[in-house]
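Here the structure comes first, spelled out in structure tokens, and everything after it is commentary.
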Amino acid sequence: TDLLITMIISAQQRLLTLSCGSQINVNPTPLRRDDDNSPWCYTFSVSPVIIDDDVRSSTLPPRANFLATQVWPSSRIASTIIEQYLDPSWKVCELGCGPGLPSLTAAMKGSEVIATDLDECALEMVEAAAREQGFLIDQRFQTQQFDLTSRQNVLPDADLYVMSDVFESSNVAESAAYHVQSILSKNSNSQSKRRVWVFAQSDRAQRETFLDVMREAYDETLEWSLNQNPDLDSELWLCDLDETAVEYN
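Going left to right, the sequence shown walks through residues -16 to 232 as the working numbering numbers them.
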């Protein structure tokens, strides 16, 4: 929205005014440190800021989800792979985007992007970061509220759908599987191929719930893959990752 205002406090911290009037402390969080050309997103910071000798603490607005304001390891892996392998002609839709690092990385590659999440605070953080990186100028970057647990909602059309670490409950995992099946079912009646890339840490218990539902409805041989080189011709790729092996450079 036009009400988003970002005040630079330091090289590491900003004060973001949300459309609801709340102010939160955010940090620019790059995919790669010490790289001025790296895509980056905002993450919520609990650290207070000092403005004109006034110490201001930071709390999230009511109903905002702290988990949706942080960058998790699978999001970093997703962003790295998008940076390396994404076809810029593909329109990208991220589901459960949180701070939106994969979406912002796709935008930097030149793709048209729709970043979706239920959390309005997270979406405003994504929009603020997109604006500062110049992605809103030509309307090729959009944010949209979307409840992944609702099976009544219809996803925006895209060439590539991305999910990273969204399986926080069995309900989310089962609903995510429903939406993935819905996306892929359109391939049989369309000349354009829709692809889904799913990233999840090996220690996420609910990802097996997602896998069980997908096996039953889509392919009983489906497995998580340790190979981090996606097959660009495949319509579904489940990327397994070890949190301890993720580089934060």
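For each residue, glycine too, the CB sits at the ideal point set by N, CA and C. This one's a predicted model, so the numbers in the text were calculated from it and none came from an experiment.
Quiz prompt | Cβ-heavy atom distance, residue 80 to the ligand MG, below 7 Å | solution = The model on display carries no ligand, and the ligand MG is accordingly not part of it.
Quiz prompt | Residue of 28, 223, 139 minimising C-alpha distance to residue 186 | solution = 223
Practice problem: Let me know if residue 49 comes out buried or exposed under the rule of 16 or more other beta-carbons within 10 Å of its beta-carbon. | Solution: exposed
Practice problem: For residue 199, count neighbouring C-beta atoms within 10 Å of its own C-beta (all shown protein chains included) and say buried if the count is 16 or more, exposed if not. | Solution: exposed
Quiz item: Roughly how many angstroms separate the alpha carbons of residue 152 and residue 139, rounded to a whole number?
Solution: 23 Å
Quiz item: How about residue 106 and residue 126: are their beta carbons less than 8 Å apart?
Solution: yes
Practice problem: Give a yes or no on contact between the segment 47 to 62 and the segment 144 to 164, applying the rule of three or more CB pairs nearer than 8 Å. | Solution: yes
Quiz item: Is it true that the CB of residue 69 sits closer than 8 Å to the CB of residue 94?
Solution: yes
Quiz item: Between the segment 154 to 163 and the segment 114 to 125, do at least 3 Cβ pairs fall closer than 8 Å?
Solution: no
Self-check item: residue 80, DSSP secondary structure in three states
Solution: coil
Quiz item: Hey, residue 24 and residue 82: beta-carbon distance below 8 Å or not?
Solution: yes
Quiz prompt | C-beta atoms of residue 182 and residue 21 nearer than 8 Å | solution = no
Quiz item: Across which residues does DSSP place residue 178 in a beta bridge pair?
Solution: 143
Practice problem: Apply the 10 Å Cβ neighbour rule to residue -7 and answer buried if 16 or more other Cβ atoms are within range, or exposed otherwise. | Solution: For residue -7, the predicted model reports a pLDDT of 47, less than 50, meaning its position is unreliable and no value from the coordinates is stated.
Practice problem: Could you have a look at residue -3 and say whether DSSP puts it in helix, strand or coil? | Solution: strand
Quiz item: Looking at the structure shown, is residue 137 part of a helix, part of a strand, or coil, going by DSSP?
Solution: coil
Quiz item: For residue 12, which option in 27, 155, 157 has the closest C-alpha, if you only look at C-alpha atoms?
Solution: 27
Quiz prompt | Distance between residue 212 and residue 16 (C-alpha atoms, nearest Å) | solution = 23 Å
Quiz item: Who are the near neighbours of residue 209 in its chain, counting only those whose CB is closer than 6 Å to its CB and skipping five residues on each side?
Solution: 223
Quiz item: Thinking C-alpha only, which one of 176, 177, 226, 154 is nearest residue 192?
Solution: 154
Quiz prompt | Span separating the alpha-carbon of residue 141 from that of residue 74 | solution = 5 Å
Practice problem: Check residue -9 in the structure and name its three-state DSSP category. | Solution: The predicted position of residue -9 is uncertain, since its pLDDT is 49 and thus under 50; a value taken from the coordinates is nonetheless stated next. If DSSP states are grouped into helix, strand and coil, residue -9 belongs with the strands.
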